[in-house]
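Q: Numbering (this note's numbering), first residue to last: 679 to 881.
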């Protein structure tokens, strides 16, 4: 009788261990899947930012070829693009979990956005550019890229929110904390300072 009770108790303990182990494994696998979704979306964000960076030299060359625009504006665009390149070189898969590194990435991209806005404002003074086919094509591509950037940033924030919400939920938070930085919370893109005021650019 005592043996049966001991075996029954042992069976209950084994079942509890198996259930807890399966729950732990399921929670871990869910965190991995959500983390990979964030990384994939982060890759898309980087992709559209790279597309913009690749368009800029052609845009600047076209503008320089038609308009004798201010040298300081060209220098500002070139410097902003160089800063983006430096930050891109230091970007790692952990950037999304490192608030400081993520903020540096966003600041560099926001700086390039501001420099491009100044370039396009200067372009207003040159009517010849409004009829330049190369410029119009590049302008259209740049506008499309900016739209893609906005879309991919929004999608990134959504996947980061899904990860962060799951990570902070009970009992997932215990599993996430067990692995330390492996499942650190993801950073979000924030609106650029002054974004509430629409730029006045007319072509």
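Yeah, the Cβ is synthetic: ideal placement off N, Cα and C, and Gly gets one too.
Which residue from 713, 786 and 740 puts its Cα closest to that of residue 724?
A: Stepping through the chain shown from its first residue, residue 724 is reached at position 46. Checked all of 713, 786 and 740; the closest Cα to residue 724 is 786.
Q: Are the CB atoms of residue 736 and residue 862 within a distance shorter than 9 Å?
A: Position 184 of the chain shown holds residue 862. Position 58 of the chain shown holds residue 736. Against a cut-off of 9 Å, the Cβ pair of residue 736 and residue 862 comes out as no contact.
Q: What residue does the alpha helix (DSSP H) around residue 858 start on, and which one ends it?
A: Position 180 of the chain shown, counted from the first residue, corresponds to residue 858. Element bounds for residue 858: n/a, residue is neither H nor E.
Q: Please tell me whether residue 823 and residue 729 are closer than 9 Å, where the distance is taken between their beta carbons.
A: Counted from its first residue, the chain shown places residue 823 at position 145. Counted from its first residue, the chain shown places residue 729 at position 51. Contact: yes.
Q: At what residues does the alpha helix (DSSP H) containing residue 826 begin and finish?
A: Stepping through the chain shown from its first residue, residue 826 is reached at position 148. Its alpha helix (DSSP H) spans residues 811 to 846.
Q: DSSP three-state label for residue 791, please.
A: Counted from its first residue, the chain shown places residue 791 at position 113. DSSP places residue 791 in helix when its eight states are reduced to three.
Q: With 16 as the cutoff for other CB atoms within 10 Å, does residue 681 come out buried or exposed?
A: Counted from its first residue, the chain shown places residue 681 at position 3. The residue is exposed, with fewer than 16 neighbouring Cβ atoms inside 10 Å.
Q: Are the segment 799 to 815 and the segment 828 to 842 in contact at 8 Å, needing three or more beta carbon pairs?
A: In short, these stretches do not touch, since the Cβ pair count stays below three.
Q: Can you tell me whether residue 732 is buried or exposed? The criterion is at least 16 other CB atoms within 10 Å of its CB, across all chains shown.
A: Translated into the one-based positions of the chain shown, residue 732 becomes position 54. Per the 10 Å Cβ criterion, exposed.
Q: If you draw a straight line from the alpha carbon of residue 870 to that of residue 727, how long is it in whole angstroms?
A: Indexing the chain shown from 1 puts residue 870 at position 192. Indexing the chain shown from 1 puts residue 727 at position 49. For residue 870 and residue 727, the distance between alpha carbons rounds to 15 Å.
Q: Is it true that the segment 843 to 857 meets the segment 702 to 710, where meeting means three or more beta-carbon pairs spaced less than 8 Å apart?
A: The answer is yes - the segment 702 to 710 touches the segment 843 to 857, with three or more Cβ pairs under 8 Å.
Q: Exposed or buried, residue 772, counting other C-beta atoms within 10 Å across all chains shown (16 or more means buried)?
A: To locate residue 772, count along the chain shown from 1; it is residue 94. Classification for residue 772: exposed.
Q: Skipping 5 residues on each side, what residues in its chain have a beta carbon closer than 7 Å to that of residue 864?
A: Position 186 of the chain shown, counted from the first residue, corresponds to residue 864. Correct list, in chain order: 716, 774, 775, 838, 841 and 842.
Q: Taking the C-alpha atoms as reference points, what is the distance between residue 792 and residue 756?
A: Against the chain shown, residue 792 aligns to sequence position 114. Against the chain shown, residue 756 aligns to sequence position 78. Taking the straight line from one Cα to the other gives about 12 Å.
Q: Is the beta carbon of residue 782 sitting closer than 9 Å to the one on residue 768?
A: Reading the chain shown from its first residue, position 104 is the one you call residue 782. Reading the chain shown from its first residue, position 90 is the one you call residue 768. Yes.
Q: Taking the alpha helix (DSSP H) that residue 750 belongs to, which residues open and close that run?
A: Taking the chain shown and counting its residues from 1, one reaches residue 750 at position 72. Residue 750 -> alpha helix (DSSP H) spans 749 to 767.
Q: Does DSSP classify residue 714 as helix, strand or coil?
A: For the purposes of this step, residue 714 is taken as residue 36 along the chain shown, with counting starting at 1. Three-state result, residue 714: helix.
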